[in-house]
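Trainee:
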Amino acid sequence: MERENKLKTEFAVIGGGPAGLCAAIEAAKYGVEVTIIDENLKPGGQLFKQIHRFFGSEEHLAGVRGFEIGNILISDAQKYGVKVLLNNIAWGLFEDNNIGLCDTNKVSILSCKKVLVATGAIENSIAFPGWTLPNIMGAGAAQTMINVNRVLPGRKVVTVGSGNVGLIVSYQLMQAGAQVECIIEGLPEIGGYQVHASKITRMGVPILTRHTIIKAEGEKFVQKVIISQVDDNWKIIAGTEREINCDLVCIAVGLKPLIELCRMAGMKFEYLAELGGFIPVHNENMQTTIDGAYIAGDITGVEEASTAMEEGKIAGLAVAMELGKIDEKKGESELASAKNRLRALRMGPYGEFRHQAKQNLINSYYKYKNQMGA
Amino acid sequence: MTKNDLKENKMAKGFISIEDLKKVPSYPSEERFKRGPVAVIECLEEIPCNPCETACSRNAIKVGYPITNRPVLVDEAACNGCGNCIIKCPGLAIFVVNKAYSEEKATIVMPYELLPLPEKGSNVVCLDRKGNAICEGIILKVLSGKALNKTNLITVLIPKEYADVVRFFKIKDNV
Chain V
1089 MERENKLKTE FAVIGGGPAG LCAAIEAAKY GVEVTIIDEN LKPGGQLFKQ IHRFFGSEEH
1149 LAGVRGFEIG NILISDAQKY GVKVLLNNIA WGLFEDNNIG LCDTNKVSIL SCKKVLVATG
1209 AIENSIAFPG WTLPNIMGAG AAQTMINVNR VLPGRKVVTV GSGNVGLIVS YQLMQAGAQV
1269 ECIIEGLPEI GGYQVHASKI TRMGVPILTR HTIIKAEGEK FVQKVIISQV DDNWKIIAGT
1329 EREINCDLVC IAVGLKPLIE LCRMAGMKFE YLAELGGFIP VHNENMQTTI DGAYIAGDIT
1389 GVEEASTAME EGKIAGLAVA MELGKIDEKK GESELASAKN RLRALRMGPY GEFRHQAKQN
1449 LINSYYKYKN QMGA
Chain W
1398 MTKNDLKENK MAKGFISIED LKKVPSYPSE ERFKRGPVAV IECLEEIPCN PCETACSRNA
1458 IKVGYPITNR PVLVDEAACN GCGNCIIKCP GLAIFVVNKA YSEEKATIVM PYELLPLPEK
1518 GSNVVCLDRK GNAICEGIIL KVLSGKALNK TNLITVLIPK EYADVVRFFK IKDNV
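Chains V and W supply the protein sequences, listed in that same order.
Here the first sequence is numbered in my numbering, starting from 1089 and rising by one per residue.
Here the second sequence is numbered in my numbering, starting from 1398 and rising by one per residue.
#1: Between which residues of its own chain and V/G1108 is the CB-CB distance below 8 Å, once the five residues before and five after are set aside?
#2: Classify V/F1441 as buried or exposed, calling it buried when 16 or more other Cβ atoms lie within 10 Å of its own Cβ.
#3: Please look up how many angstroms separate the CB atoms of V/L1360 and V/I1197, rounded, as I've assumed it's under 8 Å.
#4: Along chain V, in chain order, which residues have C-beta atoms closer than 9 Å to that of W/N1477?
#5: Is there contact between the segment 1324–1339 of chain V and the segment 1304–1316 of chain V, where contact requires at least three CB pairs shorter than 8 Å?
#6: Just list the residues that DSSP pairs W/L1537 with in beta bridges.
#7: Here's the rule I'm using: 16 or more other beta-carbon atoms within 10 Å means buried, otherwise exposed. How should V/Q1166 be labelled?
#8: Output, in chain order, the set of chain W residues within a Cβ distance shorter than 7 Å of V/Y1453.
#9: So, with DSSP's three-state summary, where would you put W/F1492?
#10: If we count the other Cβ atoms within 10 Å of its Cβ and call it buried at 16 or more, is W/N1466 buried or exposed?
#11: Answer yes or no: do V/L1261 and V/V1245 have a C-beta to C-beta separation smaller than 8 Å?
#12: How is W/C1482 classed by DSSP in three states: helix, strand or coil?
#13: Is the distance from the Cβ of V/M1435 to the Cβ of W/P1445 below 8 Å?
#14: Measuring alpha carbon to alpha carbon, tell me which of V/R1153, V/L1343 and V/M1397 ends up nearest V/G1251.
#15: Cutting at 6 Å between CB atoms, please list the residues of its own chain near W/P1468, excluding the five before and the five after it.
#16: Rank V/F1136, V/I1288, V/G1280 and V/Y1281 by C-alpha distance to the C-alpha of V/A1229 and give the top, closest one.
#17: Candidates V/D1164, V/E1422 and V/P1345: which alpha carbon is nearest V/A1406's?
#18: Cα separation between V/G1242 and V/V1341?
#19: Along the segment 1132–1149 of chain V, where does the CB come closer than 9 Å to a CB of chain W? Name the residues.
#20: Find the nearest neighbour of W/P1422 within the set W/I1413, W/V1471, W/R1432 and W/P1434, judged by alpha-carbon distance.
#21: In whole angstroms, give me the CA-to-CA distance for W/S1426 and V/T1395.
#22: On a CA-only basis, which of W/N1456, W/N1520, W/S1454 and W/G1478 is nearest W/R1429? Give me that one, please.
#23: Thinking C-beta only, is W/I1531 closer than 8 Å to W/L1540?
In structure tokens form, the structure reads like this:
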């Protein structure tokens, strides 16, 4: 493998999903020289598999489909001269924000003044006998296959988990021509939005709450699953087991932030179950406990693309201000509007607890900073 | 709506009932239904979303601030059943119901994102909110095209007694 001499950029963005793209666009708009690093062949992160219309208000691009937002962001990034290093894996975040990169034939170090880690999240799984059989996969994987690669992985589907991901992917599998046999959920109530549940229920897909998957069976790939009811303590109720024939099982049991680079850099963390696990603490401008290092998007707590985009904008603005590229008054006012838009997305029964959890992260950041200063 | 009401509305079984819908202030009055097509908003939770409000040029739908407020058909007289809100709703949760179509028939305009689209004039099986087959219906109108951006509007003619019940349909070949 070759080693390349040290590369340089003013602002390095690791991960070209909605958070990374928005941060890059926002900073580049004010003249910051930006490089996005992404391990895929195309930036956009999960946006290109999201064929549904987004929630929010007009300023959050509500009513626009996810992949269309992806196209808008990529064209904005081009317009402002954002450089994109595709097919590159960021494998290390070292002292002074030096980033270890590798593509298929060379390893290199990228140095920068500011870095944003916007690596997103990874799907959780659950283990049960037979779970390693082919065609038992994360719901996100199935969604990528149907919406990006246009391959239908199975025709008779069982989805595990009734959060928004489970509901939306089940609906999209129906759109792709599959039959969803059922969605099972361990809790007594459906996890995702009522409107998502309603649109798939009226198509005749049952959502079985207080149910779990006991095992999967099949010769070369999954051919059936055994499910059963569970009691309040998630114990299987004997005698309620039943078989469901299927050729695809989608696991949609949440996601957790991809924090390896932040660990390596020595950032300070908090464990917040409601946000998906260990999260780097950060201030209201997405600055972490490492100088010059920012985070945005699902890595700061698993939420939605719409919140990721606003966090990205905040980080991009903060970087532009730190680098002196934007007049302080203008910067502060732009930051304030982005924060208001973000707050609007974190209200109501699905949002308020996330707002509180994020406040806790910010409080931890200042507590840590005070300790260090003392 | 109080927090307790919301909890009750949080579905355990996967569908909302007409009773749930009538509990919250948005379902059009029977007097309004008698006057022709009107938007029925089946969105019961406080989620951050307001495209229905911005889609309505007649200010009939209100979400207001914060955007997590439930959408309410605040001015049922102003609503003319145009269906712009159906196209913009990311939750596919709005229908236009016309109980004044004729003595015995009603029409329902539904958002439809499956292919193939139904043929105009064809018979379909109409489904309720749980996906149960309820009655037969006839496709009166199929609106697709660029402005709708793949949220097609399908108008189905059904027996009037099912106007509050039918919310989806199946093309017969697929039954």
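All C-beta atoms in this analysis are idealised placements derived from N, C-alpha and C, irrespective of residue type, glycine included.
Mentor: On the basis of the coordinates in this document:
#1: V1101, I1102, I1124, D1126, P1131, G1133, L1204, A1206, A1384, G1385 and G1400
#2: exposed
#3: Wrong, their Cβ atoms sit about 33 Å apart, outside the cutoff.
#4: Correct list: empty, because the minimum Cβ distance to chain V is about 21 Å.
#5: yes
#6: Note: W/L1537 sits in no beta bridge, so no partner.
#7: exposed
#8: Those within 7 Å of V/Y1453 in chain W number zero; the least Cβ separation is about 25 Å.
#9: strand
#10: buried
#11: yes
#12: helix
#13: yes
#14: V/L1343
#15: I1438, C1440, C1449, I1458 and V1460
#16: V/F1136
#17: V/E1422
#18: 20 Å
#19: I1139, H1140, R1141, F1142, F1143, G1144, S1145, E1146 and H1148
#20: W/V1471
#21: 37 Å
#22: W/G1478
#23: no
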